[in-house]
Structures are given as structure tokens and as C-alpha cells.
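Line by line, the protein sequences give chains A and B. So for the first sequence, the working numbering puts the first residue at 1; every next one is plus one. So for the second sequence, the working numbering puts the first residue at 196; every next one is plus one. Each residue gets a CB set at the ideal place from its N, CA and C atoms; glycine is no exception.
Number of protein chains: 2
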Amino acid sequence: MISQFKNYLKEKIQITDEQFDSISADLKIKKFDKNEIIQYTGDISKHGFFVCKGLLRAYSIDSKGKEHILQFAPENWLISDRNNMNNEPSIFFIEAIEATEVVVMPNDFMEQAAVKVPCLQPMHTRLLSNSIRFMQKRINMLLSATAEERYLDFIKLYPNLTLRVPQWMIASYLGITPESLSRVRKELANKHFRP
Amino acid sequence: MISQFKNYLKEKIQITDEQFDSISADLKIKKFDKNEIIQYTGDISKHGFFVCKGLLRAYSIDSKGKEHILQFAPENWLISDRNNMNNEPSIFFIEAIEATEVVVMPNDFMEQAAVKVPCLQPMHTRLLSNSIRFMQKRINMLLSATAEERYLDFIKLYPNLTLRVPQWMIASYLGITPESLSRVRKELANKHFRP
DNA sequence: GCCAGAAATTGATGTATGGTAAGAAAGTAC
DNA sequence: GTACTTTCTTACCATACATCAATTTCTGGC
């Protein structure tokens, strides 16, 4: 449903149906099955994705074969590998955790679209800035907080994801093992933590 | 020296002296002493900084009073708190590690300047994208690498900073204690590591 | 050059989280 | 429903890094 992307934009900026139509020619809808991999490490992908429905994750695999989740992308999230902007290869995989429907947008979509619809430009900048803020917060947590604190923070930040994704993925996002997360949860249960 | 900022821009984009003059009216030079704090947590700062000379660091202080360095900013780096774009308070301090000279730029400088000099816009987007890539890499390291690996990565990334900043700051950037970094270095010395 | 304070090193010990392994529980496919 | 896989839990032990404390080395100010 491309209209979902239109609604997303309408919530952020003033854009008419005509304006949207003028930029949507470059967009395509694509569906992915659960567990389907959308982008591989080393790819030079030419697209970013807007998630209409479903759930994606971006993850890397380290030298020991362990996965590390960099980002979840549920409905109404944009996900794109900024490495591809410079035609450099991706450093992570993108995979559909659930059956997912996305809008596929060329890497230069925002720049191009902003020519026709100027107010997209500040929106784009704002999105990038938010992404930076978000990652700064995450780095800060990784530097300063315990596993338990990070887990509580995760629950607050992604209340619905907590039930939607398997625990081992949450552990992978937090930078701990599934076993440790299980123990953290047990601890919290003992303290009568209510999620 | 505001000319340093001009040279920086000239390396990135096509900009004439006249164009630069047309946007530089909003810029000011400011000097900070070593150890001077430029921005406090909670501030709603209205400026970002371009470092002409010297070295800044951005850091947070956790609930136990421990500092955590989010970013170093040596010469020719831009540093600005994206939180301020939304008039939200800063989540970190910015401090001069050395006597430092900066160009002070209003938060909306890039947006405004891009009206007069359009090619600043894609440059700005590229800078933000690079910042995102950089932080993704750092998150990935924090999730997957040992203290030693992160230190080696740091040395490769910031060869000159390694000598310029005290070790306890590097430790704070890496997310370990100064004692641990000292031991990591000792280990590397035993393995005949040559920096 | 000397002194005070900061930074770095080192040793002894503590703790959070990891690794392994086994079994329980929950999904998923047929 | 049964079989099979995946996920989650639990227990035991291992390890990377933290903490505390005592020196040693470095640095800047006089």
C-alpha cells in the first residue's frame, strides 16, 4: 500500500495528493516473506525501504559467526544503508522478521523528490538528525548501562517489539547473550517488575 | 581563522569566495582555554561548532558520576548536538581538551546557507550520512568486539589522537576503565605490537 | 630544578556476563 | 494430534573486565 507512505509524509509535512503523485513514480512496492533476506553484507544496494507492514531487522555477523542487531524497522520506519550513498558496500544484512511489505525507494529519492516538493528537504534533514540522536543515546547506553538497564530502556522504547520479536534478537540488540537476557528477566520477575 | 572553514568547504564543494562571504556573516570565531566547558548537559544550545584548531570532546556523565566520551572533535570536524535542532536540551557536555579555536554556527546555518549556495545541501546530507555510518560502525564494535579489538580499531581510526589525548579519555571512549586499557596495552606490548 | 597533582601502572580480588550443556516450553509443519 | 525445530530456561563453571589500593611515572607551575 503506497498510500501508507503518503499518510506518513502527510503527518510530517504539508504535501498535496498531486505533489505526492509527482514523486511517487520512482517508488515500487515489494513484499518479502518471513525470514527472507533483503540485503546482504557486501551488496551495493541502490535502495532504501519504507516499511508499510511487517518488521525488518538490520544485523551484522562478526568473525565468530555471531549476529548483532543494529536496528529494528517496524511499520512506518525508514531503513537505508548510508554506506550505499557513496557506492560503498553494505556492512549489514537486512532481513524480514515477519512477512513484510515495503516501499522501495532509490538512494537518491529524497534529494530528487525535494526538487519537486521542497519541504521534503528539511524533513529529510530532520530524519537524519533524529537517527543520529537515537544512535548517540544507544552508544551512551552501551557505554554506561548494565544489561538490565539496557533491557528496561528497550522495553520503554519499543513496547510492542518486546512481544513481537524473539528474545534472542532482543539480546542481540542489547549486546548480551540470550541466556543472560533470560537471567535478567528472571531477576526482574523476582523484583516484581511489571512490564 | 575563518579561512580554515572556507578551505574546508572548498575541499568538499565548489564554492567561490563571493559565495562564502555571502554566508559567513552569521559565523563567529570563538576561542576556548584548555579544560573550558563549552556546552553543558541540559543546555539548549543554539550553535554547532567547526573546529579550526585544537580538540574538543563530547561526553556524558552517568548516574554513578562516570564520564563517557561520545565523540572527539579535532581540527576540521563539525560538532553539533542534534537535540538542539528540536529545542530539546543537550544530553552531553562539550569540553576543550586543548586550547581550541572554533567557528560558531547557528543551528540552522546549513539550511539557511543552502538557500544561497545550493550545493551545500547535498554536502550537508552527506555529512549527516557519514556521521550515521560512523556511529553504526561504533555500535557494531561495542556489540561485537573485545576491549583490545576496540582499542586497535581506535588507533587505526584516530592515529594522531592516540598520542594527543590522555589514556583515561581513550578508555572512556572505548567503554572500559583506564586500568583495563593499561592492561590491554601491556598485553599488546608483550605481543610486540607496533603502533 | 623541584614540588604537587594528575595520569598510568600493577597486583589482588570481585562481579557481570559469557560459554556449555541439558531439559522444558513453545511454535510450526505434516 | 504427533514429530520436529526453535526458543527459552536453568545450572554450573569460565572469563573479561571492574574495583580498590598502592606505587610509579609524568606534567605543569613556580
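- The beta carbon of GLU262 (chain B) lies closer than 6 Å to those of TYR254, ILE256 and SER367 in the same chain, with the five residues before and after it left out.
- Relative to ILE23 (chain A), the option among A:LEU55, A:LYS34, A:LEU128 and A:LEU9 whose CA is nearest is A:LEU9.
- When C-beta distances to chain B are compared with 9 Å, the residues of the stretch 111-145 of chain A below that value are GLU111, ALA114, GLN121, PRO122, HIS124, THR125, ARG126, LEU128, SER129, ASN130, SER131, ILE132, ARG133, MET135, GLN136, LYS137, ARG138, ILE139, ASN140, LEU142, LEU143, SER144 and ALA145, in chain order.
- A straight line joining the alpha-carbon of GLY54 (chain A) with that of GLU187 (chain A) spans about 31 Å.
- Neighbours of MET1 (chain A) in chain B, taken as residues at a C-beta separation under 9 Å, are lacking, since the least C-beta distance is about 28 Å.
- Only SER255 and ASP257 from the stretch 231-260 of chain B bring a Cβ to less than 7 Å from some Cβ of chain A.
- In this structure, the CA atom of ARG333 (chain B) is about 12 Å from the CA atom of GLU344 (chain B).
- Judged by DSSP secondary structure, ARG380 (chain B) falls within the alpha helix (DSSP H) whose first and last residues are 373-385.
- Considering only A:VAL115, A:ARG183 and A:TYR158, the residue with the shortest C-alpha distance to ALA147 (chain A) is A:ARG183.
- Just so you know, the alpha carbons of LYS30 (chain A) and GLU101 (chain A) end up roughly 6 Å apart.
- Secondary structure remark: continuous beta strand (DSSP E) runs of at least 3 residues inside the stretch 94-137 of chain A, in chain order: 100-106.
- For LEU163 (chain A), the number of other beta carbons within 10 angstroms of its own is below 16, and it is reported as exposed.
- Annotation: the continuous beta strand (DSSP E) that includes GLU262 (chain B) extends over 262-269.
- Here ALA253 (chain B) is bridged, per DSSP, to B:GLN266 and B:ILE289.
- Nearest C-alpha to ASP26 (chain A) among A:CYS52, A:PRO106, A:PRO122 and A:ILE79: A:PRO106.
- Chain B has no Cβ within less than 8 Å of the Cβ of ARG183 (chain A).
- With a cut-off of 8 Å on Cβ pairs, the stretch 106-117 of chain A is not in contact with the stretch 346-365 of chain B, counting fewer than three such pairs.
- Of A:GLU179, A:PHE92, A:TYR158 and A:ASP81, the smallest CA-CA separation from LYS46 (chain A) is found for A:ASP81.
- According to the DSSP assignment, ILE2 (chain A) belongs to the alpha helix (DSSP H) that extends over 2-12.
- About 14 Å separates the CB atoms of GLU293 (chain B) and ILE232 (chain B); that is not less than 8 Å, and the two are not in contact.
- For the set A:GLN14, A:VAL104 and A:ASN83, the Cα lying nearest the Cα of MET1 (chain A) is the one of A:VAL104.
- Between LEU323 (chain B) and THR125 (chain A), the beta carbon gap of about 7 Å places them in contact (Cβ cut-off 8 Å).
- Going by DSSP, ILE155 (chain A) is part of no beta strand (DSSP E) but of the alpha helix (DSSP H) stretching over 147-157.
- A direct Cα-to-Cα measurement between LYS259 (chain B) and GLN19 (chain A) gives close to 52 Å.
- By the Cβ neighbour-count rule, SER131 (chain A) is buried, with 16 or more other Cβ atoms within 10 Å of its own.
- For ARG164 (chain A), not one C-beta of chain B is nearer than 8 Å to its own C-beta.
- Rounded to whole angstroms, the separation of the alpha carbons of ASP228 (chain B) and GLN167 (chain A) is 49 Å.
- Close partners of MET105 (chain A) in chain B (Cβ separation under 9 Å) are lacking, with about 15 Å as the shortest Cβ gap.
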